[in-house]
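*Asks:* Supplied in structure tokens, the structure appears directly below.
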Amino acid sequence: MRLLAFVVVSIGRLNRLVGSALVWLALASVLVCFAVVFMRHFLSTTVLWMQDLYVWLSGAMFMGVAGYALFRDDHVRVDVFYRTASLRSKALRDLIGVVCFLAPFCVVVWQYALPYVLRSWQRLEASPNVGGMPGFFVLKSFILVFVVLVALQGIAIAMRSLLVLIGRQEALPPPYRYQD
């Protein structure tokens, strides 16, 4: 039981750390976008790589914080049925959701993304825009970051669900337990 609790807490901490760090990319993206618009409309000039930059920052942020959103239960769910469910029913639904939907989704995305990302790294792919940023392969790598962090959080959710189903939720510290 302690091992399960340790894994749940460790994955949650990882996703919280990554999410808390990458959320700052939203501010950076807004500032760069503001600079691009300001330069275009008031200085009548543009810097092409900056146009790539704010889109790339947004993409990296959204891909990187997906596991954090899953950790915080900020994802979409049919709350009409879930909100009123008992603790054991929530745990069972989460376990089924991870095993039947999240895990296969992560496997499929990984299988299709890995060759795509590796090919991009082999070519040291740059922006498709003329004058754009180099290093597009780094941005594409965030697809794999997304899959790993979401899959890890799915494992944590499954383990948390198992702890509830066997009546051992008290092994988890309060922030990692199901909330009633």
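Taking full-length UniProt numbering, the leading residue of the sequence shown gets 1, the next gets one more, and so forth.
Where a beta carbon is used, it is the ideal one built from N, C-alpha and C, also for glycine.
A quick note: this is a predicted structure, and the numbers were derived from the prediction, not measured.
What's the C-alpha gap between Ser86 and Tyr176?
*Replies:* Walking along the sequence shown from the start, residue 86 turns up at place 86. Walking along the sequence shown from the start, residue 176 turns up at place 176. Ser86 and Tyr176: Cα-Cα distance of roughly 17 Å.
*Asks:* Can you tell me whether Arg119 is buried or exposed? The criterion is at least 16 other CB atoms within 10 Å of its CB, across all chains shown.
*Replies:* Your numbering for residue 119 matches position 119 in the sequence shown. Flag for Arg119 reads exposed.
*Asks:* Which of the three DSSP states is assigned to Met1 in this structure?
*Replies:* Here residue 1 corresponds to residue number 1 of the sequence shown, with the count starting at 1. Coil.
*Asks:* By alpha-carbon positions, which one of Ala91, Ala21 and Trp56 ends up nearest to Pro128?
*Replies:* Working through the sequence shown from its first residue, we reach residue 128 at position 128. Out of Ala91, Ala21 and Trp56, Trp56 has the C-alpha closest to the C-alpha of Pro128.
*Asks:* Short of 8 Å in beta carbon distance, which residues of its chain neighbour Leu152, apart from the five on each side in sequence? Order them along the chain.
*Replies:* As a working mapping, residue 152 is identified with position 152 in the sequence shown. If we look at Leu152 and ignore the five residues flanking it on each side, its Cβ neighbours are Ile11, Leu14, Asn15 and Gly67.
*Asks:* For Leu144 and Val117, which I take to be in contact (beta-carbon distance under 8 Å), what is that distance rounded to the nearest angstrom?
*Replies:* For the purposes of this step, residue 144 is taken as the residue at position 144 of the sequence shown. For the purposes of this step, residue 117 is taken as the residue at position 117 of the sequence shown. At roughly 6 Å, the Cβ-Cβ gap stays under 8 Å, so Leu144 and Val117 are in contact.
*Asks:* May I have the straight-line CA-CA distance separating Gly132 from Leu114, to the nearest angstrom?
*Replies:* Counting from one through the sequence shown, the residue named residue 132 turns up at place 132. Counting from one through the sequence shown, the residue named residue 114 turns up at place 114. So the alpha carbons of these two residues sit roughly 24 Å apart.
*Asks:* Compare the C-alpha of Leu124 against each of Gln111, Leu139 and Tyr112 and name the closest.
*Replies:* In the sequence shown, residue 124 corresponds to position 124, counting from 1. Of the candidates Gln111, Leu139 and Tyr112, the one whose C-alpha sits nearest the C-alpha of Leu124 is Leu139.
*Asks:* Hey, quick one: how far does the alpha helix (DSSP H) through Tyr68 stretch, first residue to last?
*Replies:* Working through the sequence shown from its first residue, we reach residue 68 at position 68. Element bounds for Tyr68: Ala66 to Phe71.
*Asks:* Got a sec? Which residues, its chain only, sit under 6 Å from Phe71 by beta carbon, not counting five neighbours each side?
*Replies:* The residue you call residue 71 lines up with position 71 of the sequence shown. These residues qualify, in order along the chain: Gly12, Asn15 and Gln153.
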